[in-house]
Amino acid sequence: MGYEEDLETYRTQLLQTLSSPTSRSVSGVMEPIQVYVNERRVGELEGAGMDATLHIKTLDHIETIQLRTEDGTLLGGLVAPEYGYRTSRIQLSPDAVELCVHNTAQGGSLNAVFVPAPSFWSRMGKTFADVADRLAIRRPDAAIAHSMRTVAFTQALLAVMVVGLVLDRVATWMGSEQMLTSGMQPEALRTVSVTEVRKLEQQLGALARMQEKVGEALESQQNGMAQLHHTMAKLSSSHESVASGVVMVKEEMEKRQANLEPETDRTTPHPAGRGVVDQEQLEVAIRSLTEDNTKLSREVASLEERNQTLTAKLHIASVNASKAVDPNPERLLANQADVARKNQSLQVAEGFQNSQAQPFLFWVTFSEGTSQESIDQWVNEKKGHKGSINEGWQEVRIVPPAVPPDLFLEQIRGEKIVKAARIPE
Amino acid sequence: MQNTVSKSQVMADHTVTVSRLEEVVSTSDEFDRVVSQALPVLLDRATGYTKRFLRETGQWNDDIEHEKFALRWGSEYLERFLVCGRSEVPCRPLFLFDSLVAKQHSKPEPFCYHPDLLRPLGRFLDGLVARAVVSRDALIALYRHSYGWGAGDVIAVTGLNGLESQRIYKNFRRWRESGWQRTMDEIGLTKTELAELTSQQQRHRQRFNGEAERLIRVAQAHYRKSEPDHYPCLSRAQWREMFTQGYGCDYRIWHLALCLDCMQTAWGLSSNGSLTEEKPRMELLVRP
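Given below as structure tokens:
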């Protein structure tokens with residue numbers, strides 16, 4: 001087989017497959033129908049009708065939808081619009097699949113519903129209801145069609161019964177005519193039949209009135225439904241606008257948060273009123289700081305307690321040791337006094353350490369004409385930190401000096417740039 | 001003389017068909033009617049576009065393999081157009097068709113192209129894996145063609161329950177009855193080529209299977225993109241959890257068929273010791 005011939009055979013084969021009606025129509029699909037969105041399999045619809053709906057939501061736009069059988073036959077499909085809805089009913093003789101695709105800025109969604117072919121009895125009922133619709137209903141609304149059909153069906157049934165009754169009476173009347181020929185009482189029979197016919201007329205009149213009433217009721221229901229639809233449409237449009245507003249606000253907040261993140265890293269203070277996000281972050285930070293503070297104070301308390309216990313133990317241990325080593329009671333007393341002194345000195349040292357832990361605060365004023373640079377340099381020399389300024393007095397915090405505070409202040413006052421110095425009251 | 005007349009007649013018919021395709025069709029039935037009369041024209045058009053795409057991307061050679069490749073994808077596009085185009089009425093079918101093909105070619109890697117996949121063995125594997133993406137029958141048959149397993153083995157390996165097991169048997173049956181032949185027709189493998197493949201396998205079994213393993217990895221890597229995007233490769237611990245807990249039935253079936261590596265990773269997790277210790281290797285079966 002040559003090159004051209006081989007290729008032509010293949011082309012013909014492909015064309016035959018494409019034009020073959022069996023490739024795209026399946027009768028009575030009982031196997032699950034595979035659903036593909038953008039040529040990716042997303043799920044299946046149970047052909048038997050047990051699990052006959054499929055709802056898919058995607059982040060990407062939906063471009064195409066395809067329905068395939070398990071052997072891969074393409075049953076039907078739909079090209080989705082870029083935005084908005086599109087619905088399609090794909091007939092799979094005798095069943096059908098209804099597709100509804102909706103694309104928005106946030107992504108796409110698909111609703112697929114398998115609609116099995118109606119059974120013989122439901123088809124009969126539908127045909128009858130259709131006929132009744134045509135007889136009794138002028139413009140049925142889809143939403144109330146079912147109730148209207150029921151009413152129409154009842155009316156039609158009544159009409160059939162009436163017709164049956166008329167036929168029955170006519171037959172009786174004919175029979176009575178035969179009986180007349182055989183010598184029965186004709187007048188009495190005629191009276192009976194006339195009475196029956198009158199009754200019948202009355203019934204028909206009542207039926208017609210009932211029909212009119214039903215028609216009026218249906219019209220009012222139709223109007224009500226129309227109003228309801230109108231309200232629902234308004235509601236859905238307002239709902240959409242609210243939803244889009246929420247999305248916009250969310251996006252805006254995310255953007256702000258993204259912009260603020262680098263600033264948070266630099267631990268610069270946030271200006272007040274920057275938004276809810278800032279406030280929340282600050283609150284979280286404050287909360288964590290408070291917790292840390294509480295933990296810290298708890299630890300300090302426990303350490304102090306432990307320290308006291310240890311001191312007491314040391315005291316007892318030293319007394320015991322003295323007892324064991326030196327039996328002389330005088331020396332024991334002297335030792336006890338010594339230990340007490342030691343304890344006292346320990347407590348003093350502890351107090352000194354505590355006071356060292358707290359910064360020493362004093363206020364100072366500088367000579368006129370002293371530059372800010374000189375002041376900063378002086379504070380740096382003291383290894384201190386500047387605090388607030390109040391009526392010309394500069395608050396300075398330093399590590400507690402080795403000399404007593406009064407002496408320290410005297411030393412400070414003696415310095416060239418210092419005009420006056422004092423300790424806060 | 002007669003040949004010239006028939007050629008000019010064909011040209012005239014072609015022009016008429018194209019001009020009809022350029023006109024607006026208003027209903028789905030009209031669409032079906034117009035398009036079904038123009039299938040050869042549309043197939044040639046899609047094939048031409050595919051050839052041009054291959055030329056422009058430096059993937060074209062003037063040989064029958066490339067011609068068949070272009071024809072196969074042209075046919076694929078045309079099938080999608082026949083089904084989806086009906087929902088686009090009113091439209092001008094020719095322009096709609098052109099836009100559909102252009103949209104396909106504007107995607108990254110619109111089809112699996114590899115020079116080795118154009119030879120008979122490559123075409124066979126590419127066709128099988130491509131079909132597995134759109135047909136569950138073909139997907140299940142991949143286990144058969146890749147490892148030589150029957151329905152029972154597939155059920156055991158993937159750890160399926162009773163209901164799913166019934167479907168596997170149906171998949172196997174349909175594939176044997178019609179699926180395999182249909183796939184071979186679609187990829188254009190002739191009886192001679194299939195016989196040659198079988199012969200090669202018998203003569204050089206190890207080399208043949210090694211080559212098949214190399215090529216199927218190329219095809220699987222491409223087509224696995226088409227399986228649900230929430231089905232990534234998993235670690236053995238994750239597979240074990242899935243098998244133990246009994247969830248992810250679809251995940252197991254779809255991913256393990258399309259991933260040789262994961263099949264080896266998850267090997268033996270569902271068997272309760274009934275499967276052999278040796279991990280599965282490629283044992284290509286040409287026929288179902």
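Residue numbers (the numbering used here), protein chains in the order written: chain A, 1 to 425; chain B, 1 to 288.
Heads up, the beta-carbon is just placed ideally off N, CA and C, and yes, glycines get one too.
Computed from a prediction, not measured in an experiment: that's the story for all the values here.
Contact with chain B by residue i, beta-carbon distance below 9 angstroms
i	result
S288 of chain A	no
L296 of chain A	no
L75 of chain A	yes
E212 of chain A	no
G164 of chain A	no
P64 of chain A	Just to set this straight, residue 64 of chain A is Thr in the shown sequence, not Pro. Taking Cβ atoms only, chain B reaches closer than 9 angstroms to T64 of chain A, which makes this a yes.
E31 of chain A	yes
V79 of chain A	yes
E70 of chain A	yes
L45 of chain A	no
Q222 of chain A	no
D292 of chain A	no
T434 of chain A	Outside the displayed span of chain A (1 to 425) sits residue 434 of chain A, for which this structure offers no information.
Burial state of residue i, where buried means 16 or more other Cβ atoms lie within 10 Å
i	result
Y247 of chain B	exposed
E305 of chain A	exposed
N171 of chain B	buried
M161 of chain A	exposed
L407 of chain A	exposed
T158 of chain B	buried
Y143 of chain B	buried
R422 of chain A	exposed
M282 of chain B	buried
S88 of chain A	buried
Q206 of chain B	exposed
K20 of chain A	Reading the sequence as shown, one finds Ser at residue 20 of chain A and not Lys. So S20 of chain A ends up on the exposed side.
T309 of chain A	exposed
I90 of chain A	buried
T12 of chain A	exposed
L78 of chain B	buried
L146 of chain B	It should be noted that the sequence gives Ser, not Leu, for residue 146 of chain B. Classification for S146 of chain B: buried.
Reference residue i; option with closest CA among the options
i	options	result
P94 of chain A	A:P81, A:F114 and A:Y85	A:F114
R294 of chain B	B:E193, B:T244 and B:D153	Chain B is shown only over 1 to 288; residue 294 of chain B falls outside these bounds and no answer can be derived.
F208 of chain B	B:R167, B:V154, B:A219 and B:V286	B:V286
C112 of chain B	B:L100, B:A130, B:M242 and B:A237	B:A130
A266 of chain B	B:C249, B:L284 and B:F243	B:F243
S388 of chain A	A:P424, A:K57 and A:E98	A:P424
I64 of chain B	B:Q37, B:A12 and B:P115	B:P115
R123 of chain B	B:I187, B:L54, B:S8 and B:S270	B:I187
C249 of chain B	B:G74, B:S165 and B:E22	B:S165
A156 of chain B	B:Q201, B:L269 and B:E67	B:L269
L14 of chain A	B:A141, B:D32 and B:K68	B:K68
R45 of chain B	B:P280, B:W254, B:T17 and B:D261	B:T17
F53 of chain B	B:S106, B:K225 and B:E241	B:S106
K225 of chain B	B:L234, B:H255, B:E213 and B:Y169	B:H255
Proximity test, Cβ basis, 9 angstroms: residue i and chain A
i	result
V78 of chain B	Position check: residue 78 of chain B holds Leu in this sequence, whereas Val was assumed. Cβ-Cβ to chain A under 9 angstroms: yes for L78 of chain B.
L194 of chain B	no
F252 of chain B	One detail in the question is off: residue 252 of chain B reads as Arg in this sequence, not Phe. For R252 of chain B, the answer is no, since every Cβ of chain A falls outside 9 angstroms of its Cβ.
V25 of chain B	no
T190 of chain B	yes
R72 of chain B	yes
V289 of chain B	Any answer about residue 289 of chain B is impossible in this case: the structure gives chain B only from 1 up to 288.
S98 of chain B	The question names Ser, yet the displayed sequence has Asp at residue 98 of chain B. Cβ-Cβ to chain A under 9 angstroms: no for D98 of chain B.
K68 of chain B	yes
I64 of chain B	yes
Is there contact here, the segment 134-147 of chain B with the segment 179-187 of chain B, by at least three beta-carbon pairs under 8 angstroms? The segment 134-147 of chain B is in contact with the segment 179-187 of chain B.
Where the segment 167-181 of chain B meets chain A: residues whose CB sits under 9 angstroms from a CB there: The segment 167-181 of chain B vs chain A, Cβ under 9 angstroms: R167, K170, N171, R174, W175, S178 and G179.
Looking at chain B, which residues of the segment 83-115 of chain A have a Cβ within less than 8 angstroms of any of its Cβ atoms? So the list reads R86 and S88, given in the order they occur along the chain.
Flag this pair as touching only if the segment 393-401 of chain A and the segment 363-373 of chain A have three or more C-beta atom pairs under 8 angstroms; answer yes or no. In this structure the segment 393-401 of chain A lies against the segment 363-373 of chain A, because at least three pairs of beta carbons, one per stretch, are closer than 8 angstroms.
Closer than 7 angstroms between beta carbons: that is the criterion. Which residues of the segment 28-42 of chain B meet it against chain A? Residues of the segment 28-42 of chain B with a Cβ closer than 7 angstroms to any Cβ of chain A, in chain order: S36, L39 and P40.
Is the segment 75-86 of chain B close to the segment 34-44 of chain B, with three or more CB pairs under 8 angstroms? Counting Cβ pairs under 8 angstroms, three or more are found: they touch.
Quick check: the segment 53-70 of chain A against the segment 100-118 of chain A, are there 3 or more CB pairs under 8 angstroms? Here the segment 53-70 of chain A makes contact with the segment 100-118 of chain A; the two share three or more CB pairs at distances below 8 angstroms.
Check whether the segment 194-211 of chain A and the segment 164-173 of chain A touch, using three or more Cβ-Cβ pairs below 8 angstroms as the test. With the rule of 3 Cβ pairs closer than 8 angstroms, the segment 194-211 of chain A counts as touching the segment 164-173 of chain A.
Taking only beta carbons into account, state which residues of the segment 112-139 of chain B come closer than 8 angstroms to chain A, listed in chain order. Correct list: R131, V133, V134, S135, R136, D137 and A138.
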